[in-house]
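Asker:
There are 4 protein chains.
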Amino acid sequence: MNDLSNQPRRIRLGMVGGGRDAFIGGVHRIAARIDDRYELLAGAFSSTPEKSKASAADLGVAADRAYGDYAEMAKREARLKTGIEAVAIVTPNHLHYPAAREFLKRGIHVICDKPLTSTLSDARKLKKAAEASGALFVLTHNYTGYPMIRQAREMIASGELGRIRLVQVEYAQDWLSENLEETGQKQAGWRTDPARSGLGGSTGDIGTHAFNLASFVSGLELAELCADLDSFVEGRQLDDNGHVLMRFSSGAKGMLWCSQVAPGNENALKLRIYGEKGGLEWAQEDPNYLWHTPLGQPKRLLTRNGAAATAAGRRVSRIPGGHPEGYLEGFANIYSEAAEAIIAHRNGNPRPEGVVFPGIEDGLAGVAFVTACVDSSKRGGAWVKFGNYNKG
Amino acid sequence: MNDLSNQPRRIRLGMVGGGRDAFIGGVHRIAARIDDRYELLAGAFSSTPEKSKASAADLGVAADRAYGDYAEMAKREARLKTGIEAVAIVTPNHLHYPAAREFLKRGIHVICDKPLTSTLSDARKLKKAAEASGALFVLTHNYTGYPMIRQAREMIASGELGRIRLVQVEYAQDWLSENLEETGQKQAGWRTDPARSGLGGSTGDIGTHAFNLASFVSGLELAELCADLDSFVEGRQLDDNGHVLMRFSSGAKGMLWCSQVAPGNENALKLRIYGEKGGLEWAQEDPNYLWHTPLGQPKRLLTRNGAAATAAGRRVSRIPGGHPEGYLEGFANIYSEAAEAIIAHRNGNPRPEGVVFPGIEDGLAGVAFVTACVDSSKRGGAWVKFGNYNKG
Amino acid sequence: MNDLSNQPRRIRLGMVGGGRDAFIGGVHRIAARIDDRYELLAGAFSSTPEKSKASAADLGVAADRAYGDYAEMAKREARLKTGIEAVAIVTPNHLHYPAAREFLKRGIHVICDKPLTSTLSDARKLKKAAEASGALFVLTHNYTGYPMIRQAREMIASGELGRIRLVQVEYAQDWLSENLEETGQKQAGWRTDPARSGLGGSTGDIGTHAFNLASFVSGLELAELCADLDSFVEGRQLDDNGHVLMRFSSGAKGMLWCSQVAPGNENALKLRIYGEKGGLEWAQEDPNYLWHTPLGQPKRLLTRNGAAATAAGRRVSRIPGGHPEGYLEGFANIYSEAAEAIIAHRNGNPRPEGVVFPGIEDGLAGVAFVTACVDSSKRGGAWVKFGNYNKG
Amino acid sequence: MNDLSNQPRRIRLGMVGGGRDAFIGGVHRIAARIDDRYELLAGAFSSTPEKSKASAADLGVAADRAYGDYAEMAKREARLKTGIEAVAIVTPNHLHYPAAREFLKRGIHVICDKPLTSTLSDARKLKKAAEASGALFVLTHNYTGYPMIRQAREMIASGELGRIRLVQVEYAQDWLSENLEETGQKQAGWRTDPARSGLGGSTGDIGTHAFNLASFVSGLELAELCADLDSFVEGRQLDDNGHVLMRFSSGAKGMLWCSQVAPGNENALKLRIYGEKGGLEWAQEDPNYLWHTPLGQPKRLLTRNGAAATAAGRRVSRIPGGHPEGYLEGFANIYSEAAEAIIAHRNGNPRPEGVVFPGIEDGLAGVAFVTACVDSSKRGGAWVKFGNYNKG
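Chains L, W, F and C are the protein sequences, given in the same order. Mapped onto full-length UniProt numbering, the consecutive letters of the first sequence carry residue numbers 1 to 392. Mapped onto full-length UniProt numbering, the consecutive letters of the second sequence carry residue numbers 1 to 392. Mapped onto full-length UniProt numbering, the consecutive letters of the third sequence carry residue numbers 1 to 392. Mapped onto full-length UniProt numbering, the consecutive letters of the fourth sequence carry residue numbers 1 to 392.
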């Protein structure tokens with residue numbers, strides 16, 4: 001096991017995936033760096049040792065800790081006296097499970113990109129592996145890291161909106177409006193490939209974010225859904241648009257729309273929640289604002305670290321209101337929350353109060369959501385029970 | 001029959017409903033006045049002759065043309081030498097059919113508020129009555145009168161967005177978030193009463209507007225829908241929220257949300273349409289703007305009578321860009337379009353090119369939409385074929 | 001004198017100017033019609049009897065009340081038993097004074113477009129004429145008619161913002177970014193012509209609106225100003241951009257910007273006022289909103305007839321919140337306020353409480369403002385005392 | 001001298017100021033970390049060795065490189081084999097000059113917060129010191145680091161707006177609306193204290209940012225200004241509001257407003273520039289957007305890394321459009337640009353093409369701007385020549 005006796009300030013981090021040409025690996029690295037809680041020391045950045053070493057050199061990682069294989073990396077790092085304590089898994093979806101398993105079984109904390117896995121069966125196995133491990137499992141549903149999202153969640157939990165009636169959530173993009181995967185674009189390639197992405201296209205890539213965010217903020221539990229998925233672009237193998245109706249166990253209702261073929265939308269993740277006493281409206285592209293709409297009063301524009309900021313938002317906020325924080329800071333908040341939990345774990349302490357991040361249950365729920373949507377749609381848009389998927 | 005030989009500039013108008021305390025009657029009167037194409041000369045403003053005469057006096061209508069009964073009014077006005085040529089029907093929904101019938105059979109043009117009727121059976125009968133009459137039938141789906149909506153429709157018809165894939169439409173309000181009908185508020189009273197409104201609550205009152213607007217702009221034909229309706233407020237008899245998935249005959253898909261329990265929303269009717277080559281986004285509360293989002297280019301903010309205004313928008317626009325026109329001007333456009341058609345009809349001419357307003361088919365479609373939504377929802381959110389309702 | 005014994009509902013109105021090709025005349029007519037308080041019965045619409053009669057026919061005005069000359073019109077209408085009670089003067093600026101004088105001296109109320117006159121000397125003479133007349137004088141600084149502007153004024157007057165410190169006002173357009181006057185465009189022609197417009201270009205045409213609005217809402221009195229005016233377009237005779245610093249007698253300070261050469265601005269009149277306890281922000285192109293920014297609290301978005309609407313806004317508002325009213329309704333409010341005052345005058349009653357419209361003093365102040373700006377600018381941007389201009 | 005023979009990836013950085021309770025020091029550290037181009041190795045974080053060591057411990061800086069004095073730090077670090085190559089100076093303004101001087105004369109690059117100094121005389125001396133030094137001088141006018149600001153600058157330089165006519169710039173805050181300095185708040189304390197801030201309050205703290213940004217983007221050279229400054233809050237020693245008119249040497253005109261007493265404004269830095277052929281509008285609180293308003297065409301909303309992104313914006317942008325970058329990333333861009341220049345300097349190469357950051361001239365210009373404003377205002381708002389200040 002890793003020697004943690006000297007309690008360094010920073011957490012020793014490794015990475016699986018994230019070599020040259022990858023997108024999300026770089027995001028994870030910046031996120032890990034912003035609050036200076038991690039030190040990147042090892043990586044299986046690519047599928048060959050040579051490519052992995054080249055990326056390591058770019059990143060200031062020692063050559064002898066650049067691996068061509070995540071299994072080898074897990075094995076060796078676990079044996080090193082100051083091997084990594086945590087690993088970020090940033091590969092295409094189908095590798096999340098086999099990679100995570102290797103680290104979990106060696107007690108190395110896993111910070112994994114979403115969706116959890118490419119199949120529901122893998123998700124269930126990974127859940128078991130995580131539960132069996134003493135290590136932490138962190139899923140980077142990064143939008144939950146935004147301060148105004150934290151504040152929204154806190155306001156709802158405290159009853160400020162009253163009983164929740166409605167959840168309207170959407171995540172619209174336009175980058176797959178044409179057949180980009182045929183051009184050889186790498187991101188489009190794997191994200192539209194069932195073998196690497198899984199059953200869901202837009203549902204898996206962004207629908208899971210929308211679903212997770214709605215669940216995180218509202219605290220509601222999905223009971224049933226009805227989905228109508230499409231692949232509008234000719235030749236596309238996975239859905240590029242999803243229309244979903246949701247029924248929550250509390251009686252609340254919801255709509256979810258995810259699309260990668262809506263021109264003019266870059267990353268238009270929007271969440272609106274309405275209760276008996278008021279509503280909240282938030283948009284990812286303008287994340288420092290949160291509309292609060294108390295029934296019978298004018299709308300109030302809450303701002304990050306602004307006049308009505310709450311504890312939950314302030315603790316994941318760095319700079320004064322009016323100085324926008326963005327996507328990378330929100331992502332960093334997941335990393336820094338995880339760091340708090342890892343440090344507590346090092347010291348045998350419980351997770352500090354207020355520390356929140358998505359975990360393995362959220363991961364399973366996300367894959368269950370995609371699978372239920374695909375099933376419902378295949379059955380002509382029939383209603384399906386979410387509990388049949390989100391179990392095990 | 002009315003004597004039209006002297007061809008006056010203005011159309012002789014009567015009104016059924018719209019007495020003191022009514023809301024929409026006043027809107028119709030302003031709409032009729034803005035472009036000076038109508039003269040209000042008669043009315044059955046209320047259900048008793050006394051009240052009707054009181055309203056007539058308020059409105060400058062001669063006492064001998066204030067009626068306590070629409071049937072009497074229709075009969076007598078038809079016999080007058082300069083009786084009314086057109087009648088505006090602005091009563092609660094259940095009276096639209098019986099009132100309209102009386103005027104249509106006497107060749108008096110009908111300008112009727114929406115939804116067309118309170119039942120599908122009445123809607124079908126009214127459609128027959130309108131077809132049998134030589135008179136025109138105009139349905140005040142007033143949002144179709146907004147200049148930017150006209151421009152949107154023209155852009156789609158001309159192929160500027162390419163083949164349409166998606167229609168996202170919503171109409172959210174908050175005024176019925178609590179049990180207002182129990183307080184005796186008149187508008188809430190009839191709009192939540194099945195006997196006067198019909199089967200649909202929010203679906204009938206505002207869902208029909210959303211559906212009509214989406215159809216008007218997109219030109220798409222609804223094939224199937226699946227609806228999940230709720231009455232969130234305890235004791236409410238009709239739906240106050242509707243979630244609807246739509247499949248169009250072209251293969252396009254859509255979502256429609258209507259709600260009267262979404263705090264912070266006054267009259268938030270929003271339409272977004274996406275095609276292969278671009279998208280359009282419009283919001284009723286900011287009606288002088290239309291976002292055009294050509295794929296692969298920056299978003300363009302089109303304005304009423306602005307730099308990229310088209311013929312269809314310009315012809316229903318009065319003042320320069322940057323000087324906002326609003327709801328009343330949009331409503332007036334329906335009246336003024338109708339006036340063009342009525343004048344042409346007087347003269348035995350065909351309807352002038354470019355003159356557009358919602359008619360009896362739109363009315364039947366709207367009632368069919370509500371009925372199909374209610375049916376679908378009762379059947380657990382099953383998909384239903386729209387053609388089974390929208391016929392006859 | 002006019003016979004008012006029968007107290008008709010509507011006010012008998014005449015018009016000077018506003019023939020074919022004019023812009024603002026049509027606006028005045030719609031404004032007069034919206035609330036049905038006026039009846040247009042006479043006009044000197046153009047400078048020849050033939051053209052005037054042609055316009056009269058368009059407008060449904062009897063041929064024998066179409067005049068080629070405002071003096072003739074004033075004389076004859078004053079003698080008619082049911083001659084006009086009020087006249088709208090909608091000519092280029094240099095004719096305001098001579099036309100208004102003819103009606104005022106015959107006791108006919110004057111509703112006059114702004115700026116009051118083309119010279120300060122005319123403004124002073126007109127002020128004397130108005131004071132000497134028993135008739136009312138109404139200046140159509142129409143932006144003061146917007147409901148949210150009324151609410152803003154009321155909030156400031158009631159002390160809700162505390163002592164006012166800052167006034168930031170601007171009115172930006174782009175329609176004169178090129179030398180449009182050389183193309184023969186009629187509006188550009190007279191508005192850039194010193195002989196017809198007066199000393200000020202953008203300052204006179206829109207700067208006066210900005211200044212009037214700031215004064216109306218803030219209640220502050222201008223003490224000194226410093227102006228830097230430019231004619232950016234080659235060959236232009238009047239200013240097309242003005243930068244003005246203002247010092248108010250209370251110690252508050254302000255900035256005013258008017259421009260007709262700012263691309264992308266249609267009619268971007270914006271007002272921001274900040275006091276010790278809060279601020280207000282309003283934009284003419286989105287007139288149904290008013291931002292209220294109480295110090296130390298989140299911003300509140302007030303809406304017309306919305307949750308926090310006040311009496312002053314509600315009384316000049318027609319339809320529910322979320323159904324936008326626009327420029328024409330704001331303009332109509334000036335007409336309808338004037339109608340209240342005229343009816344009271346008919347009956348020998350004092351002006352009803354709450355009835356507000358810009359009058360002759362505002363007109364003189366506007367022309368004084370333009371003259372002071374031009375003087376300051378000519379003197380190299382020196383500070384000038386406003387009281388030296390705004391007197392007499 | 002420092003040994004650079006081994007060419008490490010990261011630049012060895014020290015810091016003066018930025019101890020516990022400071023605000024801007026933490027911002028500099030995150031900015032330095034985001035792109036992993038710096039390593040913080042030494043610091044005189046506070047004015048006593050004990051406090052400095054405490055901060056060093058927080059920051060992972062070795063105790064033997066925590067200094068109580070910047071002069072001692074400069075001396076010792078210059079002698080170390082791997083002493084710092086660059087120093088960030090993040091103290092109150094009056095210490096910028098004496099601290100920077102110590103490092104510059106030892107060839108250590110200086111990254112200095114703004115404004116350059118607290119007096120014009122210091123600014124001139126520092127300019128000489130920087131010119132005499134072989135080291136680089138970087139001023140963190142961080143707003144110039146925003147990608148859309150880079151794109152705006154590039155568009156103007158390339159002539160896309162034509163000849164520039166107007167610059168409207170403002171920076172409004174509200175945090176000093178009351179007498180916060182009397183409460184002992186540390187930031188308010190030094191920023192309103194002439195001894196530590198210099199002559200300017202809002203002008204120095206934020207007016208310099210506005211002026212620098214306008215100059216950076218427009219490329220215009222200020223010729224004359226006229227300023228009216230106020231201290232609205234009783235007892236305040238420095239200005240808390242500034243109104244400034246500007247004349248540029250090209251004939252363009254401008255307005256600048258800075259305020260710390262405008263309720264509802266957090267960090268509302270806004271820039272609008274209009275030329276003969278179009279305009280640009282940008283707001284710091286929504287920095288990923290840039291409005292482009294080509295004359296005679298609809299407004300275009302440009303986004304960071306979006307459809308119309310240019311080279312200048314793309315090179316300082318990390319993640320896809322629609323994923324907002326914020327203040328910290330903009331600040332990081334200054335650091336990373338500086339890193340490019342420092343690495344080139346290490347290698348004896350010229351500064352790479354496209355690398356841009358504010359330098360010593362911008363610093364002098366900023367202090368000259370403040371001094372000219374204060375002078376103008378003291379002289380009753382007289383026009384003063386900028387060249388009389390911005391020299392030496």
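Note that the Cβ used here is the ideal one computed from N, Cα and C, for glycine as well.
1. Checking contacts by CB at 9 Å: is residue 2 of chain W closer than that to chain L?
2. From the beta carbon of residue 6 of chain C, is the nearest beta carbon of chain L less than 9 Å away?
3. With DSSP as the reference, identify every bridge partner of residue 289 of chain W, one or two as the case may be.
4. Quick one: which chain W residues come within Cβ less than 8 Å of residue 296 of chain C?
5. Out of W/179, W/245, W/45 and W/120, state which residue places its alpha-carbon closest to the alpha-carbon of residue 392 of chain W.
6. Here's the rule: buried if 16 or more other CB atoms are within 10 angstroms of the residue's CB, otherwise exposed. What is residue 151 of chain W?
7. In the DSSP assignment, what are the bridge partners of residue 84 of chain F?
8. Could you give the DSSP three-state label for residue 28 of chain L: helix, strand or coil?
9. Would you say residue 323 of chain W faces chain C, with C-beta separation under 9 Å as the test?
10. Could you spell out where the beta strand (DSSP E) holding residue 279 of chain L opens and where it closes?
11. Could you check whether the Cβ of residue 378 of chain F sits closer than 9 Å to any Cβ belonging to chain C?
12. For residue 323 of chain F, which three-state DSSP category applies?
13. Identify whether residue 108 of chain W lies in helix, strand or coil by the three-state DSSP scheme.
14. Does any C-beta atom of chain F lie closer than 9 Å to the C-beta of residue 262 of chain C?
15. Select from the segment 154–179 of chain W all residues with a C-beta closer than 7 Å to any C-beta belonging to chain L, and list them in chain order.
16. Of all the CB atoms in chain F, is at least one closer than 9 Å to the CB of residue 344 of chain W?
17. Among the candidates W/24, W/256, W/250 and W/242, whose CA atom is the shortest distance from the CA of residue 252 of chain L?
18. Assuming residue 186 of chain C is part of the beta strand (DSSP E), what are its boundary residues?
19. Mark residue 157 of chain C as exposed unless 16 or more other C-beta atoms lie within 10 angstroms of its C-beta, in which case mark it buried.
20. Are residue 264 of chain C and residue 293 of chain F closer than 9 Å when you measure CB to CB?
21. What separation, rounded to the nearest whole angstrom, lies between the Cα atoms of residue 94 of chain L and residue 345 of chain L?
22. Measuring alpha carbon to alpha carbon, tell me which of C/128, C/239, C/325 and C/223 ends up nearest residue 207 of chain C.
23. Who are the near neighbours of residue 3 of chain W in its chain, counting only those whose CB is closer than 7 Å to its CB and skipping five residues on each side?
24. Report back the beta-carbon spacing between residue 41 of chain L and residue 12 of chain L to the nearest angstrom; my notes put them in contact at under 8 Å.
25. So what does DSSP say about residue 335 of chain L, is it helix, strand or coil?
26. Applying the 10 Å Cβ sphere with the 16-neighbour rule, what's the burial state of residue 333 of chain L?
27. Looking at the secondary structure, which residues open and close the beta strand (DSSP E) in which residue 385 of chain L lies?
28. Looking at the secondary structure, which residues open and close the alpha helix (DSSP H) in which residue 127 of chain C lies?
29. Can you give the beta carbon distance from residue 342 of chain F to residue 126 of chain F, rounded, assuming they're within the 8 Å contact cut?
30. Identify, in the order they occur along the chain, each residue of the same chain with its Cβ nearer than 6 Å to the Cβ of residue 124 of chain F, setting aside the five sequence neighbours on each side.
Answerer: If we stick to the structure as given:
1. Here residue 2 of chain W refers to the residue found at position 2 of the second sequence. Residue placement at residue 2 of chain W is poorly supported in this model, since its pLDDT is 34, which falls under 50; the coordinates are not used for a value here.
2. Reading the fourth sequence from its first residue, position 6 is the one you call residue 6 of chain C. Note that residue 6 of chain C scores 44 on pLDDT, short of 50, meaning its location in the model is unreliable and no value can be drawn from it.
3. Within the second sequence, residue 289 of chain W is the residue found at index 289, counting from 1. Beta-bridge partners assigned by DSSP to residue 289 of chain W: W/303.
4. The residue given as residue 296 of chain C occupies position 296 in the fourth sequence. Within chain W, the residues near residue 296 of chain C are 307.
5. If you number the second sequence from 1, residue 392 of chain W lands on position 392. The option with the nearest alpha carbon to residue 392 of chain W is W/120.
6. Position 151 of the second sequence, counted from the start, is the residue given in the question as residue 151 of chain W. By the beta-carbon neighbour count (other beta carbons within 10 angstroms, threshold 16), residue 151 of chain W is buried.
7. Position 84 of the third sequence, counted from the first residue, corresponds to residue 84 of chain F. Answer by DSSP bridge pairing: none, since residue 84 of chain F is not bridged.
8. Taking the first sequence and counting its residues from 1, one reaches residue 28 of chain L at position 28. Residue 28 of chain L: helix per DSSP, three-state reduction.
9. Taking the second sequence and counting its residues from 1, one reaches residue 323 of chain W at position 323. For residue 323 of chain W, the answer is no, since every Cβ of chain C falls outside 9 Å of its Cβ.
10. Residue 279 of chain L sits at position 279 when you count from the first residue of the first sequence. 278–283 is the extent of the beta strand (DSSP E) around residue 279 of chain L.
11. Mapped onto the third sequence, residue 378 of chain F falls at position 378. Answer no: the Cβ-Cβ gap between residue 378 of chain F and chain C never drops below 9 Å.
12. Position 323 of the third sequence holds residue 323 of chain F. Residue 323 of chain F carries a coil assignment under DSSP once its states are collapsed to helix, strand and coil.
13. In the second sequence, the residue the question calls residue 108 of chain W occupies position 108. Per DSSP, reduced to three states, the secondary structure at residue 108 of chain W is coil, with no helix or strand assignment.
14. Here residue 262 of chain C refers to the residue found at position 262 of the fourth sequence. It does: the Cβ of residue 262 of chain C has a partner Cβ on chain F nearer than 9 Å.
15. Cβ contacts with chain L: 165, 166, 168, 174 and 177.
16. In the second sequence, the residue the question calls residue 344 of chain W occupies position 344. Not closer than 9 Å to any Cβ of chain F, the Cβ of residue 344 of chain W fails to qualify, so no.
17. Residue mapping note: residue 252 of chain L aligns to position 252 of the first sequence, counting from 1. In terms of CA proximity to residue 252 of chain L, W/242 leads the group W/24, W/256, W/250 and W/242.
18. Residue numbering aside, residue 186 of chain C sits at position 186 when the fourth sequence is read from its first letter. Counting along the chain, residue 186 of chain C falls outside any beta strand (DSSP E), though it belongs to the alpha helix (DSSP H) covering 186–191.
19. For the purposes of this step, residue 157 of chain C is identified with residue 157 of the fourth sequence, where counting begins at 1. Exposed is the call here.
20. What you label residue 264 of chain C is simply residue 264 of the fourth sequence in a count that begins at 1. What you label residue 293 of chain F is simply residue 293 of the third sequence in a count that begins at 1. A Cβ-Cβ contact shorter than 9 Å links residue 264 of chain C with residue 293 of chain F.
21. Here residue 94 of chain L refers to the residue found at position 94 when the first sequence is read from its first residue. Here residue 345 of chain L refers to the residue found at position 345 when the first sequence is read from its first residue. Computed Cα separation, rounded: 29 Å.
22. For the purposes of this step, residue 207 of chain C is identified with residue 207 of the fourth sequence, where counting begins at 1. Distances from the CA of residue 207 of chain C to each of C/128, C/239, C/325 and C/223 were compared; the closest alpha carbon is that of C/239.
23. Within the second sequence, numbered from 1, the residue matching residue 3 of chain W stands at position 3. With a pLDDT of 36 at residue 3 of chain W, under the threshold of 50, the modelled position of this residue cannot be trusted; read the value that follows with caution. Around residue 3 of chain W: 81 and 82.
24. Here residue 41 of chain L is taken as the residue at index 41 of the first sequence, counted from 1. Here residue 12 of chain L is taken as the residue at index 12 of the first sequence, counted from 1. That belief holds up - the Cβ atoms of residue 41 of chain L and residue 12 of chain L are roughly 5 Å apart, short of 8 Å.
25. Here the question's residue 335 of chain L lines up with position 335 in the first sequence. It is helical.
26. The residue labelled residue 333 of chain L in the question sits at position 333 within the first sequence. Burial call: buried.
27. Walking along the first sequence from the start, residue 385 of chain L turns up at place 385. Looking at the DSSP string, the run of the beta strand (DSSP E) that includes residue 385 of chain L is 383–385.
28. Residue 127 of chain C sits at position 127 when you count from the first residue of the fourth sequence. Its alpha helix (DSSP H) spans residues 120–132.
29. Here residue 342 of chain F refers to the residue found at position 342 of the third sequence. Here residue 126 of chain F refers to the residue found at position 126 of the third sequence. Actually they do not touch by this definition, with Cβ atoms about 19 Å apart.
30. The count along the third sequence starts at 1 and reaches residue 124 of chain F at position 124. Correct list, in chain order: 392.
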